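See structure below.
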Amino acid sequence: MRTILTTLGTGRARSLRAALTALLAAAVAVGAPFYFAPFQVFQLTMVLLYAVALAGLNLLVGFGGQISLGHGAFFAAGAYTAAVMLDRYDSAHLATLPVAAAGCFLLGLGFGVPALRLRGLYLALVTLSFAVFLPPLLKRLEPVTGGSMGLTVDKLQPPAWSGLAEDQWMYLVVLAVTAVALLLARNLLRSRVGRALLALRDDESAAEVMGVRLSLHKTLAFAWSAMFAGVAGCLYTWVIGFVSPDSFSFVLSITLLAGLVVGGLASLYGPLLGAAFVMYVPSVAQDVSDAAPGVVFGLLIIAVMFVAPTGLAGLAGRARDAATRRLTRTAPAAGRTPEPAPTTAPAADPAPADAEPVGAPPRTEKE
Amino acid sequence: MSAVTEVLQQVVEGIGSGAVYASLALALVLIHRFTGIVNFAQGELAMISTYVAWQLVSSGMSFWLALPVTLAVSFVGGMLVERIVIRPVRNSPELTTVIVTVGLFIFVNAMAGLIWSFTVKDFPQPFPDGGIDLAGVRVDWSTLGIIVVVAVVMGLLYLLFQHTSAGLVMRAAACNPASARLSGIRVGRVLMLGWGLAATVGAVSGVLVAPVLFLEPNMMGGVLIYAFAAATLGGFDSPVGAVVGGVVVGVAETLAGAYVGVIGADLKVGVPLVIILAVLLVRPQGLFGRAAVERA
Amino acid sequence: MEFVVRDDGYQPPKAVEEARRLVEQEKVFAVFQTLGTPSTAAVWDYLNKRKVPQPFVATGASVWGTDDKHPWTTGWQPNYVSEARVYAKYLKEEKPKAKVAVLYQNDDFGKDLLGGFKAAVDGSGIKVVAEESYEVTDPSVSAQMTSLARSKADVLLDVTTPKFGSQALAADAKNTGWDPLHIVNAVSASTSVLKPVGFKNVQGLVSATYFKDPADPRWADDAEMKTYKDALKKYAPDSDPDNQFNAYGWAVASSLHKALDRMKCPTREGLRDAVRDLKDVKVDMLLPGVTLSTGSDDAFPLETMQLMRFKGERWQLFGEPVDTRKEFGSPEN
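Protein chains in written order, with the working numbering: chain A, 139 to 505; chain B, -9 to 286; chain C, 41 to 373.
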């Protein structure tokens, strides 16, 4: 047993496995729209775009250690930017993406400034108040936003040369954007910005002493995460084709945060898990109890938090570690006891070889 | 009505709403003092306590008997929630607990709808109808009643925090449970007590508010945001702050909605937002909070 | 007929998802009674593109009838503009110089009714002197009611949904300094809204309706009412037959039944055409004088309502049913 685990643990085998799993995942992802029914492909598309929003929120909350209960507002901003451009200026769909991204980046920067002075709880509440304020504001700006009736726009259409159906094309486009977004998130984290964020999260004073510019990086965290949410909102408009103020109530913001934590804070594929949870569980809950799906949904959120306090993404890793410990209990294996990164087990794991800090804020976990 | 009287009438209106926000804010402050977390489910727990009271009254019990029974049930209920739902995630990151309260919010709200449906229920009004007329400004007995009860609860909590050892014990348990334990504090008991008390205060809030807002599962949803604003403004550690915050938020929102044309009734929810932002930028710990409770 | 029911939580993206599930997975024949304007607006493009009938949506927005790009979608209940016209007509007759204060929900429902009312009183002696809106996330409307009281208007037009309707009625009752004629819209006219406020506090309240109120003793011996109550007792013993929502459900389901009977061929196209070609169809539980009518120039099945006044413990009909199409023309005007 030990030898097997040792072999599996070598660097080369690890990167080979990582590459193979990545390839497999990519093949599955690209092949999905040709296998599943259109409705299911649509659901997968929604999961992907929510994952983009969660990846952004993850930057801010998971890695940056700040709380935002208002990310639905950035999502809405991106969605409305795209909708207004499509409706009023007859733009091409793809042209709306950079505008939504840039606009939300700037919006996030603007937010980041007052956010500097606010800590934890107060920041959460300010962002929540803004999320509550947004729908009435959107309604008030009726000439631009179409008021409470909202705006209906054309969905993203497949070009003739592709021969694809509408759902398939939308899925593949959203998949491409999501892949880019997740890669961007990963690279941000590995860059100086990412390291600065982690340092700030773990110990602000120490980080400052070491030369990390507090204000700049906190503000940047907000800006990047807002940008991601805005991009997700833009994709939402492409896929659903309808925006209205009531689609973006504060419930959305709270659901996003819950989805992130359930999926896995500070984990790279937590956003995907969280998005899937938020998308599928309420529907399944209806099948279980059509009178009160909320009962099931609420209970499940609590249950997941009990079983996996830092999210489902960490669960596989922790199960693996627990199994590894059990298997190697007789032999004191130095260096094989729970590493921060899920490395040693054969479970499919497209995570990079770098240490993946599962479980964000500084309190210690149960283990 | 002269212009001044009209303004005063709106101010009275605002104080009335403010007292409603303050009542829930007091429960939020209690929880935060005891456990250091923000409890999203506070409003829903208050709502379900109110349904318990309603159920008792509907089954024939007199209101004045149903009330203490409800308070007792809420106290026990709060303790159970802490023990069963919150305790298991005590050692997890703070955000986990917050999300658990979100799940609790969804669960309790749906439960109430399942058991009692979403139609509006009639809730007995403990205060007499009518009101008094102060120089042309009308003040209902029910408004006065809410203000008085809220003031009394605030006073009791203030005494609890400032003048008993309970206050100190709570702070210790919230700030640093490990060290508190070493000092002999039964942290688990303290937490349960805190949740029980907060649930009781929440029940009072719900019972005060239901005759005015009408009882239905989403009754407290709108109030919660304003209660958060009130507690934030006041400083999350202070019962006096919660009440002052509530009144300020209520009055500002009502006046702005009534008199500032560009805001109007639809955007008046932006007023608490602006207030909070302004106050927190100038004084981050809120009006009455203690400066920088750093938990490094 | 097999019903598949899905809950969209009143959220447009969920509505889109559930509509797609119903059409693509459950393969339903038609999507009946989509509830709420936002949800209906979110899915009608999709349903029309997929050529799935969306008959009798459960919202009174006038747009379902004025629009001509969605032939597969139709409304059912008298739309909010028609309802507003009924109130306008009543006021023109009873209080031709009335000053009106309006409380309305700040969404398509509230704005539609308010807009319809303003259009209907345009040019008459009736003036809207005060307007206050509220959001569904607001805890209460007491501040708005206080503002409206300042106007000292003769009439209060109350365009609210149930919980806020109760609050507005209670606020009006409490305010002894202001005693307007309180007109409440049909959505909030159910006794479940009035009871919590106290029947004694809502005497003289005016509203309009188009179907028979099960609590009204005048229908006690009515054959349709008997059928309805017997069926409810047999198939849904836990439901309250006096709850007006049950009566509404019965009436709209009967309407679908009649439409299906009139299909020239049992296909989706057949249903679409049948729904758009109803000629004075009588349906159980609708008031006498109220029938379903649609045609090439009329996409609103029900446009007739009758006024009612609350007296004692129940609503009492008065006057004659008002066919708003006859009186005012099409709601497009």
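All residues carry an ideal CB built from backbone N, CA and C; glycine is no exception.
Bear in mind that the values here come from a model prediction, so they are computed numbers and not experimental data.
- What Thr290 (chain A) touches in chain C, judged by beta-carbon distance under 8 Å, is Ala81 and Asp85, going in chain order.
- Chain B has no Cβ within less than 9 Å of the Cβ of Gly76 (chain C).
- The CB of Pro383 (chain A) never comes closer than 9 Å to any CB in chain B; the least such distance is about 11 Å.
- Nearest to Gly368 (chain A) by alpha-carbon distance, out of A:Gly402, A:Thr234, A:Val434 and A:Gln178, is A:Thr234.
- Chain-order list of chain B residues neighbouring Gln184 (chain C): Ala255, by C-beta distance under 7 Å.
- By the rule that beta-carbons nearer than 9 Å mark a contact, Tyr218 (chain A) does not touch chain C.
- Closest option to Trp376 (chain A), judged by alpha-carbon separation, among A:Leu154, A:Leu354, A:Leu232 and A:Ala253: A:Leu232.
- For Phe180 (chain A), the secondary structure class from DSSP, reduced to helix, strand or coil, is helix.
- Asp47 (chain C) sits close to Gln424 (chain A), with the two beta carbons spaced by under 9 Å.
- Assignment of Tyr130 (chain C) by DSSP, reduced to helix, strand and coil, places it in the helix class.
- A distance of 9 Å or more separates the beta carbons of Thr364 (chain C) and Pro136 (chain C).
- The three-state reading of DSSP puts Ser370 (chain C) in coil, since its state is none of H, G, I, E or B.
- Within chain A, no C-beta atom comes nearer than 7 Å to that of Arg308 (chain C); the closest sits roughly 18 Å away.
- In the displayed model, Ala229 (chain C) falls within coil according to three-state DSSP, outside both helix and strand.
- At least one beta carbon of chain C lies nearer than 9 Å to the beta carbon of Glu(-4) (chain B).
- Within the region 260 to 277 of chain A, the residues whose Cβ lies closer than 8 Å to some Cβ of chain B are Tyr260, Ala262, Leu263, Val264, Leu266, Ser267, Phe268, Val270, Phe271, Pro274, Leu275 and Lys277, listed in chain order.
- Look at Gly258 (chain A): its C-beta is under 9 Å from a C-beta on chain B.
- The secondary-structure analysis by DSSP pairs Glu172 (chain C) across a beta bridge with C:Leu143.
- Each of A:Met443, A:Val312 and A:Leu207 was checked against the Cα of Val399 (chain A), and the nearest Cα belongs to A:Met443.
- Taken in chain order, the complete beta strand (DSSP E) segments of 3 residues or longer contained in the region 123 to 210 of chain B are 127 to 130.
- The C-beta of Ile215 (chain B) comes closer than 9 Å to at least one C-beta of chain C.
- Taking a cut-off of 8 Å on C-beta distances, the region 410 to 422 of chain A does not touch the region 61 to 70 of chain B, as fewer than three cross pairs fall below it.
- Against chain A, a Cβ distance below 9 Å from Thr113 (chain C) picks out nothing, because the smallest value is about 13 Å.
- Under a 10 Å Cβ-count criterion, Met308 (chain A) is classified as buried, with 16 or more other Cβ atoms of the shown protein chains found around its own Cβ.
- Residue pairing for His222 (chain C): DSSP places it in a beta bridge opposite C:Leu196.
- For the region 132 to 153 of chain C, the set of positions with a beta-carbon nearer than 9 Å to some beta-carbon of chain B reads Asn146 in chain order.
- Of the other Cβ atoms in all chains shown, 16 or more fall within 10 Å of the Cβ of Ile21 (chain B); this residue is therefore buried.
- Interface flag for Val433 (chain A) against chain B is set, since a Cβ pair is found closer than 9 Å.
- Scanning chain B for C-beta atoms nearer than 7 Å to the C-beta of Pro171 (chain A) yields nothing, as the closest lies near 32 Å away.
- Excluding sequence positions up to five before and after Phe239 (chain C), its CB lies within less than 6 Å of the CB of Glu353, all in the same chain and listed in chain order.
- Residue pairing of Asp280 (chain C) in beta bridges, as defined by DSSP: absent, with no partner found.
- Distances from the CA of Phe435 (chain A) to each of B:Val90, B:Leu277 and B:Val(-6) were compared; the closest alpha carbon is that of B:Val90.
- Take Phe358 (chain C), set aside five residues on each side of it, and the residues of its chain with a beta-carbon closer than 7 Å to its own are Leu347, Met348 and Arg349, in chain order.
- The Cβ-Cβ distance between Gly402 (chain A) and Ala451 (chain A) falls below 9 Å.
- Rounded to whole angstroms, the Cβ separation of Leu294 (chain A) and Val311 (chain A) is 6 Å, and the two are in contact under 8 Å.
- In this structure the region 179 to 196 of chain A lies against the region 389 to 397 of chain A, because at least three pairs of beta carbons, one per stretch, are closer than 8 Å.
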